[in-house]
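Throughout the sequence shown, residue numbering follows the numbering used here, covering 696 to 941 in sequence.
We put the CB at the ideal spot given by N, CA and C, even for glycine.
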Amino acid sequence: MNVIKGQKAIQTYYDKYYLDEHKDYFTASRAAQEVNFLIESLSKKPHSVCDVGCGDGRHLKVFQQLGIPNGLGIDLSNQLVKQAKKNVNDSNFTIQNQSFADWQPEHECYDITYCIFSSFSYCRDLSEAQNLITKMVSATTMEGIICVDIDNVFRLVRFLTEHNKKAEDTDELEFDAINLHLLAREKRGRAVLESSTQYFMAPEIKTLFATAGIKNSNLVFKGGFNKDKYSYRSDRLIVIAKKQDK
């Protein structure tokens, strides 16, 4: 069986399988809830937004429908970028096929810069994560916000405990508990997609933002877009960072 590894595996998954496998999760009501969370966190209507890992543009579409003047979305998947352009269909919203490494954002251009769902975990280590956070902070206007949404590592541990009990599972998952690194080998069609994701804990996120110039006092951690407080029981780890003068 053909084994596709690394970034090629990630691109193959997002080009061919991602939207179909998440069709029941990516509802219009969920996207609206997440966008409302971002706007309420900013405490005013934004003028411009930036979606890092925009997927099919579901959040940008909501912002566009709310009358936000302009925005930017970037994504590694060429197919998702094509779909995002169709979904948003607004010349004031730019959708680009770019990796995190290639993205060179304009300085202090967006009131809200956000990375929602799975994208941030494709930073392979703290160095790549730091580079992305620094870019997101730089792209955000003064008094604007940065939102990073990642899977809660404690939820992953609960999932793996149940997953390993199921003999019929064909997907192989290996978790490095020291480095918080998950290696997945997943059968898709006639190929096996082998890719890795990096997990982060709240203290590491604090350090990443501090290095990018955001004080700890300007960070808020939530366990979901329903505004629940973050804990080990949470499914998500969501951080809102407020950018202010030092």
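Check: Complete alpha helix (DSSP H) runs within the region 724-780 (minimum length 4 residues, chain order); Outcome: 753-760
Check: Beta-carbon proximity list for ALA704, same chain, < 8 Å, skipping 5 on both sides; Outcome: LEU888, GLU889 and SER890
Check: For ILE933 and PHE920, believed in contact at Cβ under 8 Å, the rounded distance; Outcome: 7 Å
Check: Supposed close pair ASP655, ALA779 - CB separation, criterion 8 Å; Outcome: Summary: the structure shown does not reach residue 655, with the chain confined to residues 696 through 941, and so no result is reported for it.
Check: Exposure of ASN731, with buried meaning 16 or more beta-carbon neighbours within 10 Å; Outcome: exposed
Check: Neighbourhood of HIS754 by C-beta, 6 Å cutoff - its chain only, sequence neighbours within 5 removed; Outcome: ALA726, VAL730 and ASP746
Check: 8 Å contact criterion, which ASP806 and SER743 should meet: CB distance rounded; Outcome: 6 Å
Check: LYS917 versus ALA897 - alpha carbon distance; Outcome: 11 Å
Check: Inter-residue Cα distance where the pair is GLY908 and GLU803; Outcome: 14 Å
Check: C-beta atoms of CYS818 and GLN893 nearer than 7 Å; Outcome: yes
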